[in-house]
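Residues 30 to 318 (the working numbering) make up the sequence shown, in order. Built from N, CA and C at the ideal position, the CB exists for glycine as well. Quick caveat: nothing in here was measured; it's all calculated off a predicted structure. Step one of this worksheet: look at the structure below.
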Amino acid sequence: MISFFILLISSVLWGFFDLIRKVCLEFLSTTQIIYIILSSQLIIFLFCLYYSSLTITNSNYFILLFIISFLNIIALYFFLNALKNEEISLCIPLLSYSPLFSLLFSNVLLNEVLSVFQYFGIFIIFFGSFVLFSKSLQIRDLLVSPFTLVKNKGAQKIILVTLIWSLIPVLDKKSLLYTDIFFHGFLQSFVGIFFLYLFIRVPKYQSFINSKNSKQIYLVLFLIIISFSATISQLAALKVNLVPILEVFKRAIGILMALMFGYLVFKEHIGIKKILSILIIFLGLTFIF
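See the structure below:
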């Protein structure tokens, strides 16, 4: 019961995390948001080291750490870029591919075996995404939808992000065999910032710092709180749940919240085609679960 509660809290936090990132992209650049997220997490995890054993039991951990940190920067950059230019109710449903990729990665790295029902769920999710990007519900448009999906630049970025974010939780779970949550979170933030300074120039914050817009300041503070809460809750959920189960819950709740936020906050059009595609994706997720 406790593992389910942690899973539910983590999933809801990630849903709000998607919303606040979309809102902050209206007045902050992609690079600024990445620096804010990682810098704030580094500082908060630094204080959390009081509760850490500060030990690493296997040198293989460092290989995992560098891979996770590097991939996370790439995924975060492309996700924010796509989120800035696309509707949130269109981007988030595509992340539903992550449970099926997680099943494949966890099968290879964690020896978790896929069932026939899970493979069937994978097929249903693919079909749901094709409905999402089809011009209409006519058979002809549904048949050409996979080609439309592949050609869509926003979809390409999200699918790349999904592939990476499917692998990272698997590597995180393996990393937590060698150290605790707080030390792992601190080191991941530290190495992530190192890669940022190495590959992306430091953004200018002067215009934002001098801003008298209190709403923007509160939004950034909310971004900092939600980003840390979502991250640490996911690490805690990984300790007591299988990776694919985590991904199914996170994406299912994320899709619902994206649909709700898209309609209520961003005034996005939610038509029958979009609702039908999300219902199909949900059906596929239930087979994977």
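Under 9 Å between C-beta atoms of residue i and residue j
| i | j | result |
| --- | --- | --- |
| residue 103 | residue 193 | yes |
| residue 269 | residue 31 | yes |
| residue 57 | residue 199 | no |
| residue 257 | residue 73 | yes |
| residue 39 | residue 265 | yes |
| residue 252 | residue 66 | yes |
| residue 211 | residue 98 | no |
| residue 36 | residue 204 | no |
| residue 54 | residue 133 | no |
| residue 254 | residue 44 | no |
| residue 147 | residue 316 | yes |
| residue 71 | residue 229 | no |
| residue 105 | residue 259 | no |
Alpha carbon of residue i to alpha carbon of residue j, nearest angstrom
| i | j | result |
| --- | --- | --- |
| residue 284 | residue 112 | 14 Å |
| residue 235 | residue 243 | Residue placement at residue 235 cannot be trusted, given a pLDDT of 48 that sits under 50; what the coordinates show is reported in the next sentence. Answer to the nearest angstrom: the Cα atoms are 15 Å apart. |
| residue 202 | residue 213 | 11 Å |
| residue 51 | residue 261 | 21 Å |
| residue 137 | residue 280 | 22 Å |
| residue 149 | residue 79 | 46 Å |
| residue 145 | residue 218 | 38 Å |
| residue 309 | residue 88 | 44 Å |
| residue 59 | residue 288 | 23 Å |
| residue 314 | residue 153 | 8 Å |
| residue 307 | residue 130 | 18 Å |
| residue 90 | residue 207 | 6 Å |
| residue 190 | residue 107 | 7 Å |
| residue 295 | residue 48 | 10 Å |
| residue 278 | residue 46 | 15 Å |
| residue 216 | residue 245 | 29 Å |
| residue 303 | residue 292 | 12 Å |
| residue 187 | residue 127 | 10 Å |
| residue 100 | residue 195 | 11 Å |
| residue 156 | residue 300 | 18 Å |
| residue 160 | residue 114 | 21 Å |
| residue 82 | residue 267 | 19 Å |
| residue 92 | residue 85 | 12 Å |
| residue 61 | residue 33 | 34 Å |
| residue 305 | residue 311 | 10 Å |
| residue 220 | residue 76 | 17 Å |
| residue 151 | residue 96 | 26 Å |
Segment limits, alpha helix (DSSP H) that includes residue i
| i | result |
| --- | --- |
| residue 276 | 272-293 |
| residue 101 | 89-114 |
| residue 44 | 31-53 |
| residue 246 | 243-269 |
| residue 72 | 59-77 |
| residue 227 | 210-228 |
Residue-level contact to chain C via CB, residue i, 9 Å cutoff
| i | result |
| --- | --- |
| residue 63 | In summary, chain C is missing from the structure at hand, where a single protein chain is found. |
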